Structure formats: structure tokens, C-alpha cells
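Structure first, then comments.
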Amino acid sequence: MTKDELSAALFQAVQDTLETMAFAEVRPYDESIDSTIDSNVDFLWGKVHLDTVHDLTAVEFCLPDEFAQEMADTMYAGMIEIEHTAVMDTVSELTNTLAGSFLLSFGEKAGKFVLSVPESGTGKSQPPAKSIVCCCIVDEIHFVRAVLFFD
Amino acid sequence: MTKRVVIADDSALARMFLRRCLEISGLNDAEFVEAADGAEALEKLKEVPTDLLVTDLTMPDVDGLELMRRISASPRLNGTPVLVVTSAGNEAQRGELMALGVIAILSKPINPPVVADALEKIFPELGV
């Protein structure tokens, strides 16, 4: 797959995951119209490591802390009191689902792959030069970012 | 008769999401038992006969594939209907899972219509 195809597949994975799990509307980040959105708020991230999918080594997803809490609220639908553990679990599960959804775009070319149990944490890292970054706007107000890491 | 369903996934959110999809898809009066990994799922399966196991593949300690191997090797548990719901459901692994007795492999994110289709194979009497 070319870099453009990987970017398109990553965006599709973000869109499918957030629409299906949280009924959220996702569109690509457009600098010309989204420059007023604050992308420097507190972030949470989830990361899944991959084994044997060409030279792809990990998929990361990060989203604002406040938005992650909103997502947890939406997805649990008031069934539990949302605490930090539930928010981090939400970030991990979103990342896990997003990574799997992205890998589906490889079809049989993905071969036999293994996904790690998701890691999660706080902050927003600087993606390395050799990466593909997909920035999106969710529900017109939230900036989220997915990153593909390579060997 | 109430059906007993064991849901194995290391994410509490995923277990809740799966449960909700199963309820919407026809198992609204089932007894749901949750497990956070394969070892816990195995314990729950040994307690009483189970009508359906829904399991993820990527879990700490005993993962879904190892869980399926242990179920397949157990004369008592072999034959338990199993649905795999996973992010790691690659084509190359499908054959191995089916050979171990998995009825269907669903890729996350799942939705109720997809779950209903799979349930129809396992419980045709539900008429979903």
C-alpha cells in the first residue's frame, strides 16, 4: 500500500471505530477551517504493538482527556460511575478496535499478525519522522490523532 | 430456559458493549458471566454447562487462542459454542480457530446486526 492508501485506511478506521462505538461524527482535520480548535489540551493515548505486518510496528490513538471522559460516559450509558480506570480502558479499547479495523484494510496481505494488549498513558508525543499521522475532527469540536509507526 | 453466556475480554468496556449487542440481538434474558482473561473464562466454563462463549483473542496471560486450545482438549468443554470477537481476527488465523471449534469470527467494531447473524447459526430457535 502507498502512503496515501495507508493514510486513507487509517482515517477510515478512525471513522468506523468512533461512529460504531460512540456514535460520533468524524471528518479529516482541515487546517484552513480548523485552526481555531485547541490541539494543546491534555491528551490521553493508547498504543497497540503489531507483530509481522510488513514494517508496521504500532498504531497509536490520542484524544483530549475531556473528550475521552465524554466517550466513556456515552459508551457506558450511565451504567457505572466513570472513574480514571474506566476512561483509560475506553482509550485502550478504542485503540485496539481502531488498530484491528485498520489492519482489515490489508486483507490477506496482512498475513498472520499478532496485536499486543493495548498500552495507555497521558500526554501527546511528537510522532517520529518515519510515521503516518492522521488528524481528525470529531463532532466538529474535538481534535484526535492516529499515528502509524514503522521500523 | 435461560441461556448462560460467558464473555471473555480484558476490557470492561468491551465486555459491556458485547453484552449489550447480545441482548439487542436476541439474548435479552440470558445469564451473562464475565471474565477478564482466558484463565478466568476457563474457570467459569467449568462451573456449569455454558450455552455460548464469546471471547476476544488478545488478552493477558491465557489469550483467546490458548483458551480455544484448552477447550478443544477438554472432553467436558469441547463442543461449547464459541464466538470470537476480536481486533486481531486475521485471515491467516481463521483456519486454526475454526479447526478448534469456533463457529464465527467477528471483527471489532461489532454492531447488533452482525452479532444477530452469528447468533442465528448457534441458536436458530431465537429467530433473530
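Residue numbers (the numbering used here), protein chains in the order written: chain A, 3 to 153; chain B, 9 to 136.
Note that beta-carbon positions come from the ideal geometry of N, C-alpha and C, so glycine has one too.
Remember, predicted model here, so these are calculated numbers, not experimental data.
- Secondary structure at L61(B): strand, using DSSP grouped into helix, strand and coil.
- With respect to the 8 angstroms criterion, R102(B) and I113(B) are classified as neighbours on the basis of their beta carbons.
- Two segments are said to touch when three or more pairs of C-beta atoms, one from each, lie closer than 8 angstroms; by this definition the segment 58-70 of chain B touches the segment 79-90 of chain B.
- Apart from sequence neighbours up to five positions away, the residues of its chain that approach K129(B) with a beta-carbon distance below 7 angstroms are I111 and A112, ordered along the chain.
- Within chain B, A96, N98, A100 and Q101 have C-beta atoms less than 9 angstroms from the C-beta of F115(A), given in sequence order.
- DSSP places L150(A) in no alpha helix (DSSP H) but in the uninterrupted beta strand (DSSP E) bounded by H144 to F152.
- DSSP, read as helix, strand or coil, puts A10(A) in helix.
- By the neighbour-count criterion, in which a residue is buried when 16 or more other Cβ atoms sit within 10 angstroms of its Cβ, N42(A) is exposed.
- Here the C-alpha atom of L50(B) lies approximately 52 angstroms from the C-alpha atom of S37(A).
- Among the CB atoms of chain A, none fall inside 8 angstroms of the CB of F40(B).
- Beta-carbon to beta-carbon, V116(A) and D53(A) are separated by about 4 angstroms, close enough to satisfy the 8 angstroms threshold.
- For the 8 angstroms CB-CB criterion, K11(B) and L26(B) do not form a contact.
- By the criterion of a C-beta distance shorter than 6 angstroms, I134(A) is surrounded in its chain by L8, S9 and L150, once the five residues flanking it on both sides are discounted.
- If the five residues before and after A15(A) are omitted, its C-beta is found closer than 6 angstroms to the C-beta atoms of L100, S103 and F104, all from its own chain and listed in chain order.
- Given a length threshold of 3 residues, each whole run of the beta strand (DSSP E) inside the segment 42-87 of chain A is given here in chain order: 45-55 and 58-66.
- Counting along the chain, R84(B) sits inside no alpha helix (DSSP H), nor does DSSP assign it H or E at all.
- M24(B) belongs to the set of residues whose beta carbon lies under 8 angstroms from a beta carbon in chain A.
- Relative to V56(B), the option among V14(B), P120(B) and S33(B) whose CA is nearest is V14(B).
- Using beta-carbon distances, S94(A) counts as an interface residue toward chain B, with a partner under 8 angstroms.
- A distance below 8 angstroms separates the beta carbons of E95(A) and A22(B).
- For F40(B), the enclosing beta strand (DSSP E) stretches over residues E39 to A43.
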